[in-house]
Amino acid sequence: MDNLSNISVVKELLSRHGFTFSKALGQNFLVNPTVCPKIAEMGNAKPGFGVIEIGTGIGVLTNELCKRADKVVAIEIDERLKPVLEETLAEYDNFKLIISDVLKVDLHKLIKDEFEGLDVAVCANLPYYITSPIIMSLLESRLPIKSVTVMVQKEAGTRLLAKVGSRDMGAVTVAVNYFSEPRLLFNVSRGSFMPSPNVDSCVIRFDIRENTPSGVTDEQFFFKTVRAAFSQRRKTLCNSVSSAMGIDKPTVFKAIEECGLPQSCRPESLTMEQLISFCESLKKLI
Ligand code: SAM
92 MDNLSNISVV KELLSRHGFT FSKALGQNFL VNPTVCPKIA EMGNAKPGFG VIEIGTGIGV
152 LTNELCKRAD KVVAIEIDER LKPVLEETLA EYDNFKLIIS DVLKVDLHKL IKDEFEGLDV
212 AVCANLPYYI TSPIIMSLLE SRLPIKSVTV MVQKEAGTRL LAKVGSRDMG AVTVAVNYFS
272 EPRLLFNVSR GSFMPSPNVD SCVIRFDIRE NTPSGVTDEQ FFFKTVRAAF SQRRKTLCNS
332 VSSAMGIDKP TVFKAIEECG LPQSCRPESL TMEQLISFCE SLKKLI
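Right, dumping it as structure tokens:
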């Protein structure tokens, strides 16, 4: 069905299926006709590609993905949308629906079973309440994918798009830049959704790096230390890491000194290389 961003069509469809929006599941459906074709085109939905979509809603983005990619597998948590999607996506034989929480799906297995011989991309208008856990799980699990293209609320976008070494950065900034090259594709106003949320959104594409930055000998320790470093905004690296990891201050100071950083440095002033070097020094000292 092609007119899924037409508000009267959407209202009629939803009322016929007795569907009511769930705020808890972040159900704000796109009704701006220009947005989904752009996400699909810029998000690698094209011949030779299989696409995983997270959260279909009534299938407005799914429709654009199915038109362009060789195959689309969509994961939607809300079972009530199944009969709606059976109607709206009836014309496509390159579509498969999985009713599940995306965080519970084995995506490595899904890619192996469903996308043999294809490159794989992820596209989604993400439910805002689990934006970061979904992005982090996609990136950290080192899936064999080329890109993750997601719509997120502006505030989450600021952190995800911050440069490492800038004021806006947080632990999630380090993680996304470690695994990918994030870029802003375009902004989307709150009026593009039904119901309309209180904030604007943006679409970001994460191009997955073939090689992650060198020098990290223990990724688990690296990300644990990075999370500790950013656990208390605007505190020094030493104070944050010492209190969050329960390591005495002289030891943390020694690690800071060993990589040539000032004792009072703050985590948001460090480059990726400096963060890696600090984590490696600390690991050797504890
Ligand atoms: N793609 C549709 C659109 O653009 O109109 C819907 C986007 S809406 C912001 C988010 C969708 O994600 C909803 O359909 C919601 O039910 C679904 N969802 C929420 N939590 C989910 C989860 N943990 N796993 C899979 N889908 C989820």
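For the sequence shown, our numbering begins at 92 and goes up steadily by one. Where a beta carbon is used, it is the ideal one built from N, C-alpha and C, also for glycine.
Residue 278 carries a strand assignment under DSSP once its states are collapsed to helix, strand and coil.
Residue side-chain check: residue 244 keeps its Cβ at 7 Å or more from all non-hydrogen atoms of the ligand SAM.
Linking residue 115 to residue 292 through their CA atoms gives a straight-line distance of about 18 Å. Of the other Cβ atoms in all chains shown, fewer than 16 fall within 10 Å of the Cβ of residue 325; this residue is therefore exposed. In this structure the region 113-132 does not lie against the region 180-198, because fewer than three pairs of beta carbons, one per stretch, are closer than 8 Å. Within 10 angstroms of the beta-carbon of residue 135 lie 16 or more other beta-carbons, which makes it buried. In the DSSP annotation of this structure, the continuous segment of the alpha helix (DSSP H) that includes residue 310 starts and ends at 310-320.
Here the distance from the Cβ of residue 134 to the nearest heavy atom of the ligand SAM is not below 7 Å. Cβ neighbours of residue 273 within its own chain (closer than 7 Å, five residues either side excluded): 251, 252, 267, 295 and 297.
DSSP assignment within the region 326-371 yields the following whole alpha helix (DSSP H) runs of 4 residues or more, N-terminal first: 328-336 and 340-349. Residue 137 and residue 302 have their C-alpha atoms some 24 Å from each other. The shortest C-alpha to C-alpha distance from residue 145 to any of 110, 204, 216 and 160 is the one to 216.
Distance from the Cα of residue 212 is smallest, within the candidate group 233, 142, 248 and 257, for 142. When the beta-carbon positions are compared, residue 95 and residue 154 come within less than 8 Å of each other.
Per DSSP, reduced to three states, the secondary structure at residue 240 is strand. With contacts defined by Cβ atoms closer than 8 Å, residue 227 and residue 263 form a contacting pair. With a cutoff of 8 Å on beta-carbon distance, residue 373 and residue 343 are scored as near each other. Taken from the Cβ of residue 192, at least one heavy atom of the ligand SAM lies inside 7 Å.
Taken through DSSP and simplified to helix, strand or coil, residue 298 comes out as strand. Excluding five sequence positions before and after residue 355, the CB atoms of its chain that fall closer than 7 Å to its own CB belong to 327, given in chain order.
Residue environment analysis places residue 174 among the exposed positions, since fewer than 16 neighbouring C-beta atoms fall within 10 angstroms of its C-beta. Per the C-alpha coordinates, the member of 315, 172, 166 and 352 positioned closest to residue 195 is 166.
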